[in-house]
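These notes concern the structure reproduced below.
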Amino acid sequence: MSDVKTEANRRRTFAIISHPDAGKTTLTEKFLLYGGALTAGAGAVKARAGRRSATSDWMEMEQQRGISITSAALQFEYRDCIINLLDTPGHRDFSEDTYRVLVAADAAVMVLDAAKGIEPQTLKLFEVCREREIPFMTFINKWDRPGLGALQLLDEIEKTLIVEPTPVTWPVGLAGEFKGIIHRGSGDYIRFTRTAHGSTIAPEEIVTAEQAQIDEGEAWTSAAEETELLDALERSPDVKTFLACESTPVFFGSAMTNFGVRALLDGVVDLVPSPTPRALADGGRLPVDAPFSGLVFKVQAGMDKSHRDRIAFVRVCSGQFERGMMATAGGTGRQFSTKYAQTLFGQDRETVDLAYPGDILGLVNATDVRVGDAIYSGGVVDFPELPAFAPEFFMVARVLDTSKFKQFRKGIAQLDEEGAVQVLRDPDLGDQAPILAAVGQLQFEVASSRLENEFGAPVELNPTRYTIARKTDAASGPKLRAMQGVDVLQRANGTHLALFESRYWMDRVLADHPELTLERMVAEGGLS
Ligand code: G4P
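The numbering of the sequence shown is the numbering used here, which starts it at 5 and goes up by one.
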């Protein structure tokens, strides 16, 4: 097997999705602890404190609101595998960002709070997963605290998400009286011991059924009965249905005390698929050992106040990346040097010299790339276009101080390239008063705060009368434009969008003019 194939087979690239506060950050840290990437005790606490005090203008906003807007990629080794962990924004207003991160992931882990079950944002993020057809595992967190029943939670997953929950581990002890887990595959009972503040790996002890019965009594009897019930119902993990998104392997644990974290990480290694040949725009597939190629899934600027730079996050799809190699940016066809390639470890950056399929690179100052672009070192590679989410909010943006128009122009172009908001222009008016279109209102706050702080161009944003948009084309554009209550605007990438005042009006136009192109976009009408 080629080196590239061997390396690709060792990669596990996944993202964590959760409702804010379910424990995503804590779990991420515990993964690092088990992966040996975080030293015990103070290290973990410091990493957390560091994250909280991270600087940059708009991260301040993120902290004030307690939401995660930026996404980071972390890499660590575990059981001979290289784990690439992608962070996703927790807020539904950034569901388009979540989608893009999932484009770079091979699977997701959905974290639930045992006391809350499926919360509104879990559901929305799950729908993004379903839209992207990405397999996901479920981690039921905070089992150290009183919560819902384990069977009740399975029931909720099944009924709400319409997917079969298949527990890999089963808790011994009700939520709040967590003793350990039964690993259903091996039948082992793994008992945990708490450590001070969960800052070191929780000691584990494999206990026989007889001993468990003596030590745990009722807690053991119920857990054993419940696992028998699961066996009888044939609720066992199955790779085929997991990959088809028909089942979700379930793990129980407590990220805070580290209980069940190792089993989950083992699950990541055993279940998350290693990178497979990537789908191409022409319907073909790109072998993992083809020459180097990657997909830009996120572009982010101003991550660090002291470096006013712009990083393109690239998921390696094929071949071996070597720092310094020349690559072509698919969007413009221009070549650039990859001298400044980095991996990110939270806020810390490290230079990366080699990378393989599944890995995430941060290319610094790759000015020519935009989200969705392919970059490659061999022949031309073209990945399928990333679907745009249907915007539901539309605001006209005007620069407050006209002497700052140049900065304003630069800023909106940048926001558009990053996909932070969609920038729609009237070809006759250009950048005078573009319409910013968003999936969620918070995107406007980020846009306006960044235009002011990062580009020095304060803006006013005023509502428009539009509420819904569809993708159209150059042929239908003029006819639609001539109609009342419709406008047709263009994105920098050439896409034409038709904006309507109401769905009712759009439906009428559709009924009266079936010959016009009006394509639905992802999640039109909002993620339910
Ligand atoms: P998020 O990234 O999904 O938003 O959640 P985060 O990890 O920040 O966790 C949210 C809160 O839940 C934190 O408490 C965290 O300590 C707590 N938590 C996470 N996992 C567990 C768990 O397994 N058991 C229990 N009991 N709590 C858990 P906080 O008070 O908001 O923050 P902190 O003061 O602990 O930092």
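Glycine included, every Cβ here is placed at the ideal spot set by N, Cα and C.
Cβ-Cβ separation, residue j to residue i (assumed contact under 8 Å), whole Å
{"i": "residue 397", "j": "residue 442", "result": "5 Å"}
{"i": "residue 325", "j": "residue 294", "result": "Contact doesn't hold; Cβ gap of about 13 Å is too wide."}
{"i": "residue 284", "j": "residue 387", "result": "6 Å"}
{"i": "residue 3", "j": "residue 365", "result": "Past the edges of the chain, shown from 5 to 532, lies residue 3, and the structure says nothing about it."}
{"i": "residue 171", "j": "residue 254", "result": "4 Å"}
{"i": "residue 278", "j": "residue 385", "result": "The Cβ separation is near 20 Å, so there is no contact."}
{"i": "residue 8", "j": "residue 221", "result": "At roughly 54 Å, the Cβ-Cβ gap does not stay under 8 Å, so residue 8 and residue 221 are not in contact."}
{"i": "residue 173", "j": "residue 267", "result": "5 Å"}
{"i": "residue 193", "j": "residue 216", "result": "5 Å"}
{"i": "residue 34", "j": "residue 176", "result": "Actually they do not touch by this definition, with Cβ atoms about 20 Å apart."}
{"i": "residue 404", "j": "residue 463", "result": "6 Å"}
{"i": "residue 114", "j": "residue 92", "result": "With 8 Å as the limit, residue 114 and residue 92 do not qualify as a contact, their Cβ atoms being about 11 Å apart."}
Beta-carbon gap between residue i and residue j smaller than 8 Å
{"i": "residue 127", "j": "residue 19", "result": "no"}
{"i": "residue 371", "j": "residue 314", "result": "yes"}
{"i": "residue 269", "j": "residue 243", "result": "no"}
{"i": "residue 136", "j": "residue 103", "result": "yes"}
{"i": "residue 185", "j": "residue 256", "result": "yes"}
{"i": "residue 145", "j": "residue 206", "result": "no"}
{"i": "residue 122", "j": "residue 160", "result": "yes"}
{"i": "residue 476", "j": "residue 419", "result": "no"}
{"i": "residue 425", "j": "residue 468", "result": "no"}
{"i": "residue 332", "j": "residue 345", "result": "no"}
{"i": "residue 317", "j": "residue 258", "result": "no"}
{"i": "residue 507", "j": "residue 501", "result": "no"}
{"i": "residue 21", "j": "residue 116", "result": "no"}
{"i": "residue 334", "j": "residue 378", "result": "yes"}
{"i": "residue 260", "j": "residue 30", "result": "yes"}
{"i": "residue 180", "j": "residue 151", "result": "yes"}
{"i": "residue 250", "j": "residue 167", "result": "yes"}
{"i": "residue 196", "j": "residue 214", "result": "no"}
{"i": "residue 132", "j": "residue 299", "result": "no"}
{"i": "residue 23", "j": "residue 156", "result": "no"}
{"i": "residue 88", "j": "residue 204", "result": "no"}
{"i": "residue 548", "j": "residue 36", "result": "Given that the chain is displayed from residue 5 to residue 532, the structure contains no residue 548 and the question cannot be resolved."}
{"i": "residue 512", "j": "residue 474", "result": "no"}
{"i": "residue 98", "j": "residue 382", "result": "no"}
Distance cut-off 7 Å: residue i Cβ against heavy atoms of the ligand G4P
{"i": "residue 330", "result": "no"}
{"i": "residue 3", "result": "Given that the chain is displayed from residue 5 to residue 532, the structure contains no residue 3 and the question cannot be resolved."}
{"i": "residue 27", "result": "yes"}
{"i": "residue 495", "result": "no"}
{"i": "residue 289", "result": "no"}
{"i": "residue 408", "result": "no"}
{"i": "residue 22", "result": "yes"}
{"i": "residue 149", "result": "yes"}
{"i": "residue 199", "result": "no"}
{"i": "residue 126", "result": "no"}
{"i": "residue 30", "result": "yes"}
{"i": "residue 183", "result": "no"}
{"i": "residue 146", "result": "yes"}
Candidates the options: closest to residue i by CA position
{"i": "residue 339", "options": "17, 345 and 330", "result": "330"}
{"i": "residue 86", "options": "502, 144 and 362", "result": "362"}
{"i": "residue 526", "options": "289, 302 and 391", "result": "391"}
{"i": "residue 252", "options": "164, 402 and 195", "result": "164"}
{"i": "residue 234", "options": "158, 125, 180 and 488", "result": "158"}
{"i": "residue 548", "options": "120, 28 and 14", "result": "Examination of residue 548 is not possible in this model, given that the chain is present from 5 through 532 alone."}
{"i": "residue 446", "options": "6, 514 and 96", "result": "96"}
{"i": "residue 482", "options": "138, 493 and 153", "result": "493"}
{"i": "residue 336", "options": "21, 497, 37 and 125", "result": "497"}
{"i": "residue 229", "options": "211, 34 and 188", "result": "188"}
{"i": "residue 422", "options": "302, 499, 217 and 237", "result": "302"}
{"i": "residue 455", "options": "480, 489, 416 and 437", "result": "416"}
{"i": "residue 458", "options": "487, 490, 406 and 412", "result": "412"}
{"i": "residue 409", "options": "427, 428, 436 and 431", "result": "436"}
{"i": "residue 432", "options": "485, 474, 461 and 453", "result": "485"}
{"i": "residue 134", "options": "110, 204 and 118", "result": "110"}
{"i": "residue 240", "options": "169, 32 and 41", "result": "169"}
{"i": "residue 472", "options": "430, 434, 516 and 528", "result": "528"}
{"i": "residue 478", "options": "520, 211 and 461", "result": "520"}
{"i": "residue 83", "options": "374, 440 and 40", "result": "40"}
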